[in-house]
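A.B. asks: So the sequences go chain by chain: A and B. Mapping to our numbering: the first sequence position 193 is 193, numbers consecutive. With the second sequence counted from 1, adding 1000 to any position gets you our numbering. Backbone N, C-alpha and C define an ideal beta-carbon position, used for all residues, glycine too. Quick caveat: nothing in here was measured; it's all calculated off a predicted structure.
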Amino acid sequence: MKAVVQTGDGQLSCESLTKVYSDSKGKKALDAVSLQVPSQGIFSLIGMNGAGKTTLVRILATQLEPTEGKATIDGLDVMKDAKKIRERIACIPQEARTVPWMTPKQTVLSYLMWRGVGYGEASRKALEALAKVGLEGQANVLNRRLSGGTKRKVLVAAVLSSEADIIFLDEPTTGLDPLSRQELWTFLGGLAQDRFLILTTHYLEEAERLAQVIGILHRGRVVGIGTLEQLRAKVRYQYSLMVTSASELPPIRQGSVTKSRIGQTQILTDEAEAYEVSRLLLEKGAKFSMSRTSLEDVFFHLVHRDGLEGRDA
Amino acid sequence: MRVWMREVLASVLVNSLYEMKNYPVVLLNTVLSPLSFLLVITFVSKGQLIGEAIEGGFIMSMFQSGMSLQGDLSHLKNDFKLQDMVVSSPTTPSAYVMGMALAEIIYSLPALAVLAVLAAIYIQPGPLATLQLLLVFLLMFFASVALGFTLSTFSSDIVQSFAFSRLISTLFSTIPPVYYPISYIPLPFRYAAYLSPTTYAGELAQGSTGLILLSQAETAVAWVVLVAVCVALLLIASKKARWRDV
């Protein structure tokens, strides 16, 4: 389906976005979140439980009112221009489930009719969308008989079949087996070719693999945002050496060394020392691997730092 | 308008037609619930109150539609997150709720058909009485739908929601004099019965078909109360119900 053509400023923007739930005793679920990212490709929000990911997504998807602040997508205000935004967005909420008494075809068809598509066209598009996610053979099976991964694909087919060009996916792969997750990743990658996906996830590998821009939320605040490269630049060390066997490590001047219970040692350091240590390890015949710091390394660094600062305050 | 109709039809499909098609057993409950009271009242009164019981069956069906709507909306919202998916789409709340409410009526159609046949046999209302009955039933339907929608948007727990639904249904359509004349209630308790809008609906239905005698003043008061309650609940639903959470 042809996606809606973008006409706005091509940005997703939040200005001091704050949310305090009425039953939270004043605790801020979102604390003055400000960000600006291009509204194209995949923007992934990562963070621990309760970091504020779902709250932010629900505000942006016009499901929840913010307490303070402003958010716009392509220049459209999520509060004032909700009607216009709703014509362009689709959302699979966290913990969304298929209705058990319906079939995948009925699920996608009714979703399309809610978006104003006629019955005949919706029926045809539903079958097309289900075929795209590989469910053409299960279009008329009751949802309750489908596996968890297949049910997720049905919901993805529903938003895929719509004309929406901005799609919110709140933890879409939670609970899926590795194979189903891989399939969905491939599919989402394709979907992001001509649509803007806002994806929240607990799986850092998922964000690292799929997203062009990653936002890290912690305790309702943005502690890091940018491309993986930009996030790496925020931390002190850009290289990781994983040493699996070495009688003695060479001296480490700059980096940090962490030993795991299973005998592995991780050295996080800068580029120059990483190459120097590699050379010394090779001379010793040690088994090791070297890579750029992963999103996981960056995430723990930023969240841990934020945690320490929070405690100090 | 065409788009709005499609959105309404989507709700009807999800909340009734697909469920009836895929799980036909659910129809039994909607048929049995209003008819069971009708049978009990008819047997206990040895047929004396069959007219009142038939009209009570209609009122209960209409009122239960709204209460079932509350449970169903809450179920779809909290357990499946369906309402969030619909909120993030061009669908209007009015189309969503209207479709869901129509779905409840469709569920009640088998019971309503049985009641209509019984009414034609045992009550035989004239054209004016039929019109009055239809108006009373519609007012009950819209009032209960408005109440059901409002309550559903505030609920976050399906068990609590179904408990509320059953409680309100019992308080407003089973205990009040809907299946029998209000004169059967001892006087001190009669005043309490008038706290329920279904009491006025029952009186108007029974009065319009000559089952009880209502003065012009009593009839006027009953219409005013019923219309006022309906309008008030619709206003509350439109102002206070939450489409977007706060």
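Indicate the three-state DSSP secondary structure (helix, strand or coil) for THR1042(B) in the structure shown.
C.D. replies: helix
A.B. asks: Looking at chain A, is there any beta carbon in it that lies within less than 8 angstroms of the beta carbon of ASP1157(B)?
C.D. replies: no
A.B. asks: Does GLY1099(B) pass the burial test, meaning 16 or more other C-beta atoms within 10 Å, or should it be called exposed?
C.D. replies: The residue in question, GLY1099(B), is buried, as its Cβ has 16 or more Cβ neighbours within 10 Å.
A.B. asks: Is GLN63(A) close to chain B? Criterion is C-beta to C-beta, closer than 8 angstroms.
C.D. replies: yes
A.B. asks: Just the chain B side, please: which residues come within less than 7 angstroms of ALA71(A) by C-beta, in chain order?
C.D. replies: Neighbours of ALA71(A) on chain B: none; closest Cβ ~13 angstroms, over 7 angstroms.
A.B. asks: Can you tell me the Cα-Cα spacing of GLY1051(B) and MET1001(B), whole angstroms?
C.D. replies: 40 angstroms
A.B. asks: With 16 other CB atoms within 10 Å as the buried threshold, where does ARG311(A) fall?
C.D. replies: Confidence at ARG311(A) is low in this model, with a pLDDT of 39, below 50, so the placement of that residue should be treated as unreliable; the coordinate-derived value is given next. It is exposed - the Cβ of ARG311(A) has fewer than 16 other Cβ atoms within 10 Å.
A.B. asks: For ASP23(A) and ALA29(A), what's the separation of their Cα atoms in angstroms?
C.D. replies: Our two residues, ASP23(A) and ALA29(A), have alpha carbons roughly 11 angstroms apart in a direct line.
A.B. asks: Using 10 angstroms around the beta-carbon of LYS53(A), count the other beta-carbons present and answer buried if the total reaches 16, otherwise exposed.
C.D. replies: buried
A.B. asks: Do LEU191(A) and PRO172(A) have their C-beta atoms within less than 8 angstroms of each other?
C.D. replies: no
A.B. asks: Taking contact to mean at least 3 C-beta pairs separated by less than 8 angstroms, is the region 107-118 of chain A in contact with the region 152-165 of chain A?
C.D. replies: yes
A.B. asks: With a 10 Å radius around its C-beta and 16 neighbouring C-beta atoms as the bar for buried, classify HIS301(A) as buried or exposed.
C.D. replies: buried
A.B. asks: Does the beta-carbon of ALA313(A) have 16 or more other beta-carbons within 10 angstroms, so that it is buried, or is it exposed?
C.D. replies: Legend: pLDDT at ALA313(A) = 31, less than 50; position of this residue unreliable, no value from coordinates given.
A.B. asks: What separation, rounded to the nearest whole angstrom, lies between the Cα atoms of ARG279(A) and ASP177(A)?
C.D. replies: 39 angstroms
A.B. asks: Check whether the region 1138-1146 of chain B touches the region 1062-1069 of chain B, counting contact only when three or more Cβ pairs, one atom from each stretch, lie closer than 8 angstroms.
C.D. replies: yes
A.B. asks: Can you tell me which of the three DSSP states TYR239(A) falls into?
C.D. replies: strand
A.B. asks: With a Cβ-Cβ cutoff of 8 angstroms, do VAL1014(B) and VAL99(A) count as a contact?
C.D. replies: yes
A.B. asks: For the beta strand (DSSP E) that VAL33(A) lies in, which residues bound it at each end?
C.D. replies: 28-38
A.B. asks: If you draw a straight line from the alpha carbon of LEU1131(B) to that of ALA1205(B), how long is it in whole angstroms?
C.D. replies: 10 angstroms
A.B. asks: Can a CB atom of chain A be found closer than 8 angstroms to the CB of PHE1164(B)?
C.D. replies: no
A.B. asks: Just curious, the beta strand (DSSP E) that ILE267(A) is in, first and last residue?
C.D. replies: 265-269
A.B. asks: Starting from the Cα of LEU124(A), find the closest Cα among GLY149(A), GLY175(A) and ALA158(A) and give me that residue.
C.D. replies: The question names Leu, yet the displayed sequence has Arg at residue 124(A). If we check each option's Cα against that of ARG124(A), ALA158(A) comes out closest.
A.B. asks: Tell me where the beta strand (DSSP E) around MET1067(B) begins and ends.
C.D. replies: It is not in any beta strand (DSSP E) - MET1067(B) instead sits in the alpha helix (DSSP H) that spans 1050-1078.
A.B. asks: With distances taken from CA atoms, which of ARG97(A), LEU76(A) and GLN94(A) is nearest GLU87(A)?
C.D. replies: LEU76(A)
A.B. asks: Determine the burial state of ASP350(A): buried for a count of at least 16 other Cβ atoms within 10 Å of its Cβ, exposed for fewer.
C.D. replies: Coverage of chain A is limited to positions 1 through 313, which leaves residue 350(A) absent and any answer about it impossible.
A.B. asks: If we count Cβ pairs, one from each stretch, closer than 8 angstroms, do we get three or more for the region 1103-1111 of chain B versus the region 1175-1192 of chain B?
C.D. replies: no
A.B. asks: Consult DSSP for MET1(A) and reduce its assignment to one of helix, strand or coil.
C.D. replies: Unreliable placement is indicated for MET1(A), whose pLDDT of 43 sits below 50; no coordinate value is reported for it.
A.B. asks: Assign GLU273(A) to buried or exposed, taking buried as 16 or more other Cβ atoms, counted over all protein chains shown, within 10 Å of its Cβ.
C.D. replies: buried
A.B. asks: Helix, strand or coil for LEU176(A)? Go by DSSP, reduced to three states.
C.D. replies: coil
A.B. asks: By a C-beta neighbour count over all protein chains shown, 10 Å radius and 16 as the cutoff for buried, is THR1042(B) buried or exposed?
C.D. replies: buried
A.B. asks: Find the nearest neighbour of TYR1096(B) within the set THR1153(B), VAL1178(B) and ALA1232(B), judged by alpha-carbon distance.
C.D. replies: THR1153(B)
A.B. asks: Leaving out the 5 sequence neighbours to the left and right, which residues in its chain are closer than 8 angstroms to ALA1208(B) when beta-carbon positions are compared?
C.D. replies: Per the sequence presented here, residue 1208(B) reads as Ser, with Ala not at that position. So the list reads PRO1125, LEU1128, ALA1129, GLN1132, LEU1133 and VAL1136, once near-sequence residues are dropped.
A.B. asks: Just verifying my parser: in three-state terms, what is the DSSP assignment at GLU68(A)?
C.D. replies: strand
A.B. asks: Check this for me: beta carbons of LEU295(A) and LEU228(A), under 8 angstroms apart or not?
C.D. replies: yes
A.B. asks: For the beta strand (DSSP E) that ILE225(A) lies in, which residues bound it at each end?
C.D. replies: Run containing ILE225(A): 221-226, per the beta strand (DSSP E) assignment.
A.B. asks: Give me the chain A residues within the contact set of GLU1019(B), using Cβ-Cβ distance strictly less than 9 angstroms, ordered along the chain.
C.D. replies: VAL99, TRP101 and MET102
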